[in-house]
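Chemist:
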Amino acid sequence: MGLKQVHLHVTGRVQGVYFRASTQREAKRLGLCGWVKNRADGGVEIFAEGEEDGLKELIAWAQKGPSAARVERVDVRWRGFQGDFSDFRIVE
Numbered sequence: 004m005g006l007k008q009v010h011l012h013v014t015g016r017v018q019g020v021y022f023r024a025s026t027q028r029e030a031k032r033l034g035l036c037g038w039v040k041n042r043a044d045g046g047v048e049i050f051a052e053g054e055e056d057g058l059k060e061l062i063a064w065a066q067k068g069p070s071a072a073r074v075e076r077v078d079v080r081w082r083g084f085q086g087d088f089s090d091f092r093i094v095e
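Add 3 to the 1-based position in the sequence shown for my numbering, that's all there is to it.
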């Protein structure tokens, strides 16, 4: 399907529930690169790139998150692939 980028903003009870670490593990399992970070507004921001199928799986996973999370909303913005990242990191 091709290489793409996706930018997600996840809201709900998503901080303090291992959301970032779980996102990193899921992204690596899917062969994606990029980053995840907590936002000052209490949400989590994810920026990932890789195969479109893997990105769609990450979006579906982010709708639920880890078991302790309570996701209310996931805003999705698709972008063209840039090749900006070599791995998937948790950033501050």
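We put the CB at the ideal spot given by N, CA and C, even for glycine.
Predicted model only: the values in this text are computed from it and were never measured.
Counting only the same chain and skipping the five closest in sequence on each side, list residues whose C-beta sits under 6 Å from that of F50.
Modeler: On the sequence shown, position 47 is the one that residue 50 refers to. Answer for F50: H10, G37, W38, listed in chain order.
Chemist: Name the one or two DSSP bridge partners that A51 has.
Modeler: Here residue 51 refers to the residue found at position 48 of the sequence shown. Its beta-bridge partners are V9, G37.
Chemist: Could you say which of F91, W81, E95 lies nearest to L6 if we only look at CA atoms?
Modeler: In the sequence shown, the residue the question calls residue 6 occupies position 3. With distances taken between Cα atoms, L6 lies closest to W81.
Chemist: Could you tell me whether the Cβ atoms of V13 and E60 are closer together than 9 Å?
Modeler: Residue numbering aside, residue 13 sits at position 10 when the sequence shown is read from its first letter. Residue numbering aside, residue 60 sits at position 57 when the sequence shown is read from its first letter. No, the pair does not count as a contact, with Cβ atoms beyond the cut-off.
Chemist: Measure the alpha-carbon distance for V79 versus G19 and round it to whole angstroms.
Modeler: Here the question's residue 79 lines up with position 76 in the sequence shown. Here the question's residue 19 lines up with position 16 in the sequence shown. Cα-Cα distance, rounded: 22 Å.
Chemist: Here's the rule I'm using: 16 or more other beta-carbon atoms within 10 Å means buried, otherwise exposed. How should G86 be labelled?
Modeler: For the purposes of this step, residue 86 is taken as the residue at position 83 of the sequence shown. By the 10 Å Cβ count, G86 comes out exposed.
Chemist: Measure the alpha-carbon distance for F84 versus S25 and round it to whole angstroms.
Modeler: For the purposes of this step, residue 84 is taken as residue 81 along the sequence shown, with counting starting at 1. For the purposes of this step, residue 25 is taken as residue 22 along the sequence shown, with counting starting at 1. So the two alpha carbons sit approximately 23 Å from each other.
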